[in-house]
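Novice: Below you will find the structure I want to go over with you.
Here's what the structure looks like:
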């Protein structure tokens, strides 16, 4: 039967469910034994990879152009007609495999994950999950349509980001206010969408016999190594170890700018009034210079990036109608990653590409594992891959030839990025604490006004040092502008945990860069065959929530910033 399975993803994408179903049926009818289990898993992987890549490619098509109605219809047709049926058939295969009692070599963690998936699965949730995916697309459409008139031209809100670095404070303020005014126009639409998300998620949890959506999501995200209480422990650790450091950063900036108080439009301008860093003029230049960085980090990583360039697996420039943000997705059958971004010529765009390339390298490295279940990595470590790459690549921002910067500008960029780590931890705590409140209080959270109040409360707890007076409504709706809250709930704590792991990897690199990169790659190659603490250890880090470990990271960052500022 499997000799007839398409080998071309493009052929498979034309298949209907009637074409695909017999392959699931063939697997379901097989007898699994110690002798046949490897063939069973290999064929299951071939089929799952084709279905997964189809979904990824259809989703990419809707994000590169949110106005493409045909792409949207193709995605929705897949979500309605193929994905739920494939998930149902996949559930039966999981049960069949688990009932066999067999556990191939290097399959302990995947077996645990399959068992969890099987316990959580409910047939009646499939149409709800399809509906949720459609709501996620609706969020992209709302944000992707946010354009403003600026200096006589219609541009996306994202295109105003370079103006926030302008030395002219009045111009910065005007740009920020134009952007936020346009975003606030969608307040009612986003509040209405939010209510749909919450009602749907409550039903999903109820159907799965979970006490609340957080419990459902915790199991769905395979969070076996920590609890919601650990997250709250980390919130407290951030408040104790990071918020004072972040406040020092803001105060240093305020004093350098000579301001009475910092406003939201004062956070990206250079405090010494140096002109904004402009690392590249166009997409081609950004790709060329980044390619050289990766060659210097590790030749094999450099080759991975060249493959992506040759095979047009990068869509990096911002344009009207493009979905917000940046991401890396995997094309499982083709064994290739794809990077999406919204670059406008800023240093932040360089960091985004370094970050997403870390995910891409993770994709390449784990592809050697034979079964798709072994390649499934939870975000707590996959974000170490991305954040770790940002830091491992940082020494190579300058150099001879095709480098982004001279030594002085590279030091400036690196110091800025290290400051952002300190500033980001408190923001991550805002997002995560807000989400815990939402799903602990689902009735209150249906009221967008209560969400506004809770967001403002968490903001005031963690984000100190700058002034929102007169803009309280804009401040309290900040949760609207964090896509994770709408599209990938609870996917944020991973960032702070992974950032702490990445800083530890970088600390090792400060002592021995080559060894740190070697350990990093070895950990990526393990895929999802180890627990989160074991993956952290393989990369040379410790999986931790305490204020002491976090405080040590902050101390290192502050000391390195001081050194870089002397260059």
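In the working numbering, the protein residues as written are 6 to 572.
The beta-carbon is built from N, C-alpha and C at its ideal position, and this holds for glycine as well.
All of these numbers come straight from a predicted model, not from anything done at the bench.
(1) Can you check the region 346-387 for any alpha helix (DSSP H) of at least 4 residues that lies completely inside it and give the ranges in chain order?
(2) Enumerate in chain order the residues of its own chain whose CB-to-CB distance from residue 451 is below 8 Å, with the five nearest sequence positions on each side excluded.
(3) Given this structure, state the Cα-to-Cα distance separating residue 183 from residue 429, to the nearest angstrom.
(4) Could you tell me the boundaries of the alpha helix (DSSP H) in which residue 336 lies?
(5) I believe residue 328 touches residue 149 by the beta-carbon criterion, under 8 Å. Please report the beta-carbon distance rounded to the nearest angstrom.
(6) By how many angstroms is the C-alpha of residue 335 removed from the C-alpha of residue 366?
(7) Less than 8 Å between the CB atoms is what I'm expecting for residue 213 and residue 130, so what's the real figure, rounded?
(8) Using beta-carbon positions only, say whether residue 286 and residue 352 come within less than 8 Å of one another.
(9) Which runs of the beta strand (DSSP E) fall wholly inside the region 261-345 and span at least 3 residues, in chain order?
(10) Would the region 361-379 count as touching the region 32-50 if we require 3 or more Cβ pairs under 8 Å?
(11) Can at least three beta-carbon pairs, one atom from the region 380-395 and one from the region 431-444, be found at a separation below 8 Å?
(12) Could you pull out every residue in the same chain whose Cβ sits closer than 6 Å to the Cβ of residue 354, ignoring the five residues on either side in sequence?
(13) Under 8 Å: do the region 312-330 and the region 134-141 share three or more Cβ pairs, one atom per stretch?
(14) Determine the extent of the alpha helix (DSSP H) in which residue 433 is found, giving its start and end residues.
(15) By DSSP, does residue 147 sit in helix, in strand, or in coil?
(16) Below 8 Å on the Cβ atoms is my contact criterion, and I expect residue 423 with residue 398 to pass it. Report the Cβ-Cβ distance as a whole number of Å.
(17) Looking at the structure shown, is residue 408 part of a helix, part of a strand, or coil, going by DSSP?
(18) Any chance the region 16-31 sits against the region 87-99, with 3 or more Cβ pairs inside 8 Å?
(19) Tell whether a beta-carbon distance below 8 Å holds between residue 491 and residue 69.
(20) With a 10 Å radius around its C-beta and 16 neighbouring C-beta atoms as the bar for buried, classify residue 523 as buried or exposed.
(21) Leaving out five residues on either side along the sequence, give the residues of the same chain with a beta carbon under 8 Å from the beta carbon of residue 59.
(22) Which one of 483, 73, 442 has the shortest CA to CA distance from residue 217?
(23) Counting only runs that start and end within the region 64-120, where is the alpha helix (DSSP H) found for 4 or more residues in a row?
(24) For the candidate residues 11, 41, 67, 64, whose alpha-carbon lies nearest to that of residue 575?
(25) If we count the other Cβ atoms within 10 Å of its Cβ and call it buried at 16 or more, is residue 572 buried or exposed?
(26) Can you give me the C-alpha to C-alpha distance between residue 55 and residue 342, rounded to a whole angstrom?
(27) Pop quiz: residue 271 and residue 170 are said to be a contact at Cβ under 8 Å. What is the actual Cβ separation, rounded to whole angstroms?
(28) When we look at the beta-carbon of residue 190 and count the other beta-carbons within 10 Å, is it buried (16 or more) or exposed?
(29) In or out: residue 411 buried (at least 16 other Cβ within 10 Å) or exposed?
(30) Hey, quick one: how far does the beta strand (DSSP E) through residue 155 stretch, first residue to last?
(31) Which residue marks the beginning of the beta strand (DSSP E) containing residue 158, and which one marks its end?
(32) As a quick exercise: from 552, 74, 127, 151, pick the residue whose alpha carbon is nearest that of residue 235.
(33) So what does residue 403 bridge to, in DSSP terms?
(34) Residue 517 to residue 331, Cα distance in whole Å?
(35) Count the CB pairs spanning the region 389-407 and the region 549-565 that are closer than 8 Å, and state whether there are at least three.
(36) Pull up the CB-CB distance for residue 2 and residue 247, whole angstroms please, since I reckon it's below 8 Å.
Specialist: Let me spell this out:
(1) You should have 352-371.
(2) Here residue 451 is taken as the residue at index 446 of the chain shown, counted from 1. Cβ neighbours of residue 451 within its own chain (closer than 8 Å, five residues either side excluded): 200, 203, 204.
(3) Working through the chain shown from its first residue, we reach residue 183 at position 178. Working through the chain shown from its first residue, we reach residue 429 at position 424. The alpha-carbon atoms of residue 183 and residue 429 are separated by roughly 25 Å.
(4) Along the chain shown, one-based indexing puts residue 336 at 331. Membership of residue 336 in any alpha helix (DSSP H) is not indicated; the residue belongs instead to the beta strand (DSSP E) covering 332-336.
(5) In the chain shown, counting from the first residue as 1, residue 328 sits at position 323. In the chain shown, counting from the first residue as 1, residue 149 sits at position 144. Yes, residue 328 and residue 149 are in contact; Cβ-Cβ is about 5 Å, under 8 Å.
(6) Here residue 366 is taken as the residue at index 361 of the chain shown, counted from 1. Here residue 335 is taken as the residue at index 330 of the chain shown, counted from 1. Per the coordinates, the alpha-carbon of residue 366 lies some 11 Å from the alpha-carbon of residue 335.
(7) Taking the first residue of the chain shown as position 1, residue 213 is located at position 208. Taking the first residue of the chain shown as position 1, residue 130 is located at position 125. Right, the Cβ-Cβ distance comes to about 6 Å (below 8 Å), so this counts as a contact.
(8) On the chain shown, position 281 is the one that residue 286 refers to. On the chain shown, position 347 is the one that residue 352 refers to. Taking C-beta atoms as the reference points, residue 286 and residue 352 fail to come closer than 8 Å.
(9) For the region 261-345, whole beta strand (DSSP E) runs of length 3 or above, ordered along the chain, are 319-322, 332-336.
(10) With the cut-off at 8 Å, the region 361-379 and the region 32-50 touch.
(11) Contact between the region 380-395 and the region 431-444 is absent, because fewer than three Cβ pairs lie under 8 Å.
(12) One-based indexing of the chain shown puts residue 354 at position 349. Its chain contains 348 as the residues whose beta carbon lies nearer than 6 Å to that of residue 354, once the 5 sequence neighbours on both sides are disregarded; these appear in chain order.
(13) Segments in contact, no.
(14) Within the chain shown, numbered from 1, the residue matching residue 433 stands at position 428. Taken as a continuous stretch (DSSP letters only), the alpha helix (DSSP H) holding residue 433 covers 412-445.
(15) Position 142 of the chain shown, counted from the first residue, corresponds to residue 147. Looking at residue 147 - three-state DSSP - the assignment turns out to be helix.
(16) In the chain shown, residue 423 corresponds to position 418, counting from 1. In the chain shown, residue 398 corresponds to position 393, counting from 1. Going by Cβ atoms, the distance from residue 423 to residue 398 rounds to 14 Å, so no, they are not a contact pair.
(17) Numbered from its first residue, the chain shown carries residue 408 at position 403. In this structure, residue 408 counts as coil in the three-state DSSP scheme.
(18) They touch, by the three-pair rule.
(19) As a working mapping, residue 491 is identified with position 486 in the chain shown. As a working mapping, residue 69 is identified with position 64 in the chain shown. By the CB criterion at 8 Å, residue 491 and residue 69 fall outside the cutoff.
(20) Numbered from its first residue, the chain shown carries residue 523 at position 518. Answer is exposed; the Cβ neighbour count stays below 16.
(21) Within the chain shown, numbered from 1, the residue matching residue 59 stands at position 54. So the list reads 14, 17, 18, 83, 87, once near-sequence residues are dropped.
(22) Counted from its first residue, the chain shown places residue 217 at position 212. The residue with the shortest Cα to Cα distance from residue 217 is 442.
(23) Qualifying alpha helix (DSSP H) stretches, in chain order: 74-86, 88-105.
(24) Nothing about residue 575 can be read from this structure; the chain reaches only from 6 to 572.
(25) Numbered from its first residue, the chain shown carries residue 572 at position 567. Using a 10 angstroms sphere on the CB of residue 572, the tally of other CB atoms stays under 16, which defines it as exposed.
(26) What you label residue 55 is simply residue 50 of the chain shown in a count that begins at 1. What you label residue 342 is simply residue 337 of the chain shown in a count that begins at 1. The straight-line gap from Cα to Cα measures roughly 14 Å.
(27) If you number the chain shown from 1, residue 271 lands on position 266. If you number the chain shown from 1, residue 170 lands on position 165. Wrong, their Cβ atoms sit about 11 Å apart, outside the cutoff.
(28) On the chain shown, residue 190 is found 185 positions in, with the first residue counted as 1. The C-beta of residue 190 has fewer than 16 other C-beta atoms within 10 Å across all chains shown, which makes the residue exposed.
(29) Residue mapping note: residue 411 aligns to position 406 of the chain shown, counting from 1. Burial state of residue 411 is exposed, judged by a 10 Å Cβ sphere holding fewer than 16 other Cβ atoms.
(30) Within the chain shown, numbered from 1, the residue matching residue 155 stands at position 150. Per DSSP, residue 155 belongs to the beta strand (DSSP E) from 152-155.
(31) Within the chain shown, the letter at position 153 stands for residue 158. Here the beta strand (DSSP E) through residue 158 covers 158-161.
(32) In the chain shown, the residue the question calls residue 235 occupies position 230. With distances taken between Cα atoms, residue 235 lies closest to 552.
(33) In the chain shown, counting from the first residue as 1, residue 403 sits at position 398. DSSP output for residue 403 lists 410 as bridge partner(s).
(34) As a first step, residue 517 is located in the chain shown; it is residue number 512 there, counting from the start. As a first step, residue 331 is located in the chain shown; it is residue number 326 there, counting from the start. Using only the alpha carbons, I get a separation of about 31 Å.
(35) Segment contact: the region 389-407 against the region 549-565, fewer than three CB-CB distances shorter than 8 Å; contact not assigned.
(36) Past the boundaries of the shown model lies residue 2; the chain is included only from 6 to 572, so the question cannot be answered.
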